[in-house]
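To keep things clear, I will list the structure first and then write my remarks on it.
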């Protein structure tokens with residue numbers, strides 16, 4: 003019997019490494035991060051038009067700002083990124099010429115390293131975008147009535163105009179690249195600070211999809227890039243029992259406010275008022291560690307409609323919040339929590355002529371559209387309820403549905419011309435979201 007016990011003990015010790023490895027077949031990591039970088043794009047047709055007139059070409063470099071989310075299960079990577087890309091300003095007479103693009107991309111990749119502090123990932127992204135190209139005066143009108151009487155300051159061209167609403171995002175974009183990242187532990191916390199770098203190439207795979215008024219602007223969505231960033235990561239090695247995760251959700255919100263003062267000014271000048279109330283589509287990244295909540299909200303609140311028989315208008319506001327809070331009730335998959343957020347907001351009004359000529363006639367005439375913008379700080383307390391639904395037997399991730407109610411407070415005047423819009427931005431709101439949490 004003693005010999006049998008020794009033999010069984012020997013078999014157990016021999017199989018222990020394999021057993022432990024089997025228990026770690028599923029390694030999970032989730033993270034969110036902010037990044038910035040540079041890329042370059044030459045607008046060939048527009049630059050040739052400038053050269054024909056003896057003018058200098060546009061600057062060919064643009065800067066990137068964005069937020070990203072990434073989940074890793076074993077070596078498989080799935081992520082999501084929102085980014086804005088702003089060109090350098092080129093000056094011509096009293097005008098400033100610039101472009102900006104926005105992109106929403108889903109990342110799919112493979113980690114070339116084992117779970118550890120250092121990560122090397124090869125990834126590919128597919129998604130959609132938006133393009134704004136404008137030639138407007140450097141100094142905007144400081145009086146709203148004067149602006150509405152003569153809004154033709156320059157011209158604005160937009161493709162997939164998300165200032166009318168996030169649902170207008172469109173046209174296929176791709177990106178391919180490598181990501182390197184490293185984790186630094188936080189003293190006394192299970193989270194890690196992740197620093198990262200990305201190199202790669204972004205492009206529009208279908209020629210002519212970004213053509214506006216007879217000229218191609220495909221290169222605004224293309225170019226080799228270098229980006230750096232930092233964020234929060236939850237590596238499996240820091241958790242014996244998985245009591246933390248970071249999830250991502252698509253967010254739909256409704257604001258209980260109307261631009262009444264602004265509509266009164268519009269009607270005084272013979273324009274149609276903006277109809278209804280604003281709503282938004284956005285993205286919520288929400289992390290949790292032992293009841294502590296933290297994350298980021300990005301959403302785009304929009305109103306749009308006709309201004310006259312030959313003009314259209316939009317009133318748009320982008321909000322970016324950094325959130326923190328606590329879950330104060332949890333029962334199985336149901337939870338209730340409270341959060342507070344503080345961040346950046348803007349408000350943008352565009353009055354544009356529906357029909358404009360093609361280049362180069364558009365460049366010669368120039369005076370068609372007007373644009374007003376203001377920005378500042380925002381704050382937002384909210385109550386949130388959520389329910390998580392396990393989607394696999396091994397509980398690799400949950401489908402999370404949630405509802406929230408809160409109040410947004412504008413911490414500034416937010417003037418369009420000389421009219422303060424803080425009252426319009428300060429209002430109650432409700433939101434609904436659905437997403438996944440590893």
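In my numbering, the protein residues as written are 3 to 440.
Don't be surprised by glycine CBs; every beta carbon is placed ideally from N, CA and C.
Nothing here was measured: the structure is a model prediction, and the numbers come from that model.
In this chain, residue 46 is not harboured by any beta strand (DSSP E); it is covered by the alpha helix (DSSP H) spanning 46-54. Residue 38 is classed as exposed because its beta carbon has fewer than 16 other beta carbons within 10 Å across all chains shown.
Spanning the alpha carbons of residue 246 and residue 440 requires a straight line of approximately 9 Å.
By the Cβ-count criterion, residue 323 is buried, with 16 or more other Cβ atoms from all chains shown falling within 10 Å of its own Cβ.
For residue 325, the enclosing beta strand (DSSP E) stretches over residues 313-333. DSSP lists 156 as the beta-bridge partner residues of residue 371. In this structure, residue 413 lies near residue 378, with their beta-carbon atoms less than 9 Å apart. Taking every protein chain shown into account, the CB of residue 185 has 16 or more other CB atoms within 10 angstroms, so this residue is buried.
The C-beta separation of residue 78 from residue 112 comes to about 7 Å, placing the pair in contact by the 8 Å criterion. Linking residue 125 to residue 110 through their CA atoms gives a straight-line distance of about 6 Å. Spatial neighbours of residue 372 in its own chain (CB-CB distance under 7 Å, excluding positions within 5 residues in sequence) are listed in chain order as 149, 153, 154, 155 and 353. As for any alpha helix (DSSP H) of minimum length 4 sitting wholly inside the stretch 352-438, the runs are 363-367 and 424-427, ordered along the chain. By the C-beta criterion, the stretch 90-104 is judged not to be in contact with the stretch 114-123, since fewer than 3 inter-stretch pairs fall below 8 Å. With 16 or more other Cβ atoms from the protein chains shown falling within 10 Å of its own Cβ, residue 211 counts as buried. Collapsing the DSSP output to three states places residue 90 in coil. According to the DSSP secondary-structure assignment, residue 278 is paired through a beta bridge with no residue. Here residue 220 carries a helix assignment [DSSP, helix/strand/coil]. Pairing residue 107 with residue 426, the inter-Cα distance amounts to about 31 Å. Contact annotation, residue 104 with residue 176: C-beta distance approximately 16 Å; criterion of less than 8 Å not satisfied.
Counting along the chain, the unbroken alpha helix (DSSP H) around residue 267 starts and ends at 262-270. Per DSSP, the unbroken alpha helix (DSSP H) holding residue 149 starts and ends at 146-151. Listed in chain order, the beta strand (DSSP E) elements of length 3 or more contained wholly in the stretch 93-153 are 97-113 and 120-139. In this structure, the straight-line span from the alpha carbon of residue 166 to that of residue 284 is close to 14 Å. Residue 38 sits in a strand when the DSSP states are folded into three classes.
Distance from residue 380 to residue 409 at the Cβ level is roughly 11 Å; contact not present, criterion being Cβ atoms closer than 8 Å. Close CB contacts of residue 63 within its chain, under the 7 Å cut and outside five residues either way in sequence, are with 40, 42 and 90 (chain order).
Distance from the CA of residue 315 to the CA of residue 308, rounded to the nearest whole angstrom, comes to 6 Å. DSSP places residue 308 inside the beta strand (DSSP E), whose first and last residues are 294-308.
At least 9 Å separates the beta-carbon of residue 436 from that of residue 387. Straight across, the Cα-Cα distance linking residue 359 with residue 34 is about 44 Å.
Around the beta carbon of residue 421, a 10 Å sphere encloses 16 or more other beta carbons of the protein chains shown; the residue is thus reported as buried. DSSP, read as helix, strand or coil, puts residue 273 in coil. The Cβ atoms of residue 69 and residue 300 lie closer than 9 Å to each other. For residue 184, the uninterrupted beta strand (DSSP E) segment begins and ends at 172-187.
Between residue 139 and the set 92, 151 and 295, the nearest pair of CA atoms involves 92.
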